[in-house]
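Novice: In the numbering used here, the protein residues as written are -17 to 126.
A virtual CB, placed ideally from N, CA and C, is assigned to each residue, including glycine.
Below is a structure I'd like to ask you about.
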């Protein structure tokens, strides 16, 4: 499956991609992501899912080594509430877990918190991008 890059920051630590012929957004975070880059990629994600009505999101965090604490806090106190208020909670999300143990624990915490805030639809973690994409596509087919 060919993915088209629709955004990448100058440091190449954050990116957004969409497939040519399907309807999901892939968010990629890798390396050490600074706060401004973190906010920018999630602001752009919000714009894309709002305008194009995407409801399937894959977070590829496999190569993520560091996010700042206030970035994770911003995600929970700003990004998620804005999505819930304006777009609802009807999303299917797949996360490719970071190899970094600390970031993996942070992702587990954010996932649990997201579910408590109302994202109770399908949320699943995977070890590879291929597994995550296949799961999203299988879930889509089962709804059609």
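I need the DSSP call for residue 13, collapsed to helix, strand or coil.
Specialist: Position 31 of the chain shown holds residue 13. Residue state, collapsed to three classes: strand.
Novice: Since residue 14 and residue -5 should fall inside the 8 angstroms C-beta cutoff, what is the C-beta to C-beta distance between them, to a whole number of angstroms?
Specialist: Taking the chain shown and counting its residues from 1, one reaches residue 14 at position 32. Taking the chain shown and counting its residues from 1, one reaches residue -5 at position 13. Confirmed, about 7 angstroms.
Novice: Given a threshold of 16 other Cβ atoms within 10 Å of its Cβ, counted over all protein chains shown, does residue 118 qualify as buried or as exposed?
Specialist: The residue labelled residue 118 in the question sits at position 136 within the chain shown. Answer is buried; the Cβ neighbour count reaches 16.
Novice: Is it buried or exposed, residue 40, if we count other Cβ atoms within 10 angstroms and call 16 or more buried?
Specialist: Start at 1 with the first residue of the chain shown, and residue 40 comes out as number 58. The residue is buried, with at least 16 neighbouring Cβ atoms inside 10 Å.
Novice: Between the Cα of residue 10 and those of 116, 120, 76 and 3, spot the shortest distance and give me the residue it belongs to.
Specialist: Here residue 10 refers to the residue found at position 28 when the chain shown is read from its first residue. Ranking the options by Cα distance to residue 10, first place goes to 76.
Novice: Using a Cβ-Cβ cut-off of 8 angstroms (strictly less than) and excluding sequence neighbours within five positions of residue 126, which residues of its own chain qualify?
Specialist: Indexing the chain shown from 1 puts residue 126 at position 144. Caution is warranted here: a pLDDT of 42 is assigned to residue 126, below 50, making its placement in the model unreliable, and the coordinate value is therefore given only provisionally. Around residue 126: no qualifying Cβ.
Novice: With DSSP as the reference, label residue 111 as helix, strand or coil.
Specialist: Position 129 of the chain shown, counted from the start, is the residue given in the question as residue 111. The answer is helix: DSSP assigns residue 111 an H, G or I state.
Novice: Identify every residue that forms a DSSP beta bridge with residue -3.
Specialist: For this step, residue -3 is matched to residue 15 along the chain shown. Paired residue(s): -10 and 10.
Novice: Go ahead and label residue 20 buried or exposed: buried means 16 or more other beta carbons lie within 10 angstroms of its beta carbon, across all protein chains shown.
Specialist: As a working note, residue 20 is residue 38 in the chain shown. So residue 20 ends up on the buried side.
Novice: With 16 other CB atoms within 10 Å as the buried threshold, where does residue 68 fall?
Specialist: For the purposes of this step, residue 68 is identified with residue 86 of the chain shown, where counting begins at 1. Exposed: under 16 other Cβ atoms inside 10 Å.
Novice: Look up residue 119 in the DSSP assignment and say whether it is helix, strand or coil.
Specialist: On the chain shown, position 137 is the one that residue 119 refers to. The answer is helix: DSSP assigns residue 119 an H, G or I state.
Novice: Which residue marks the beginning of the alpha helix (DSSP H) containing residue 54, and which one marks its end?
Specialist: Here residue 54 refers to the residue found at position 72 when the chain shown is read from its first residue. Counting along the chain, the alpha helix (DSSP H) containing residue 54 begins and ends at 51 to 56.
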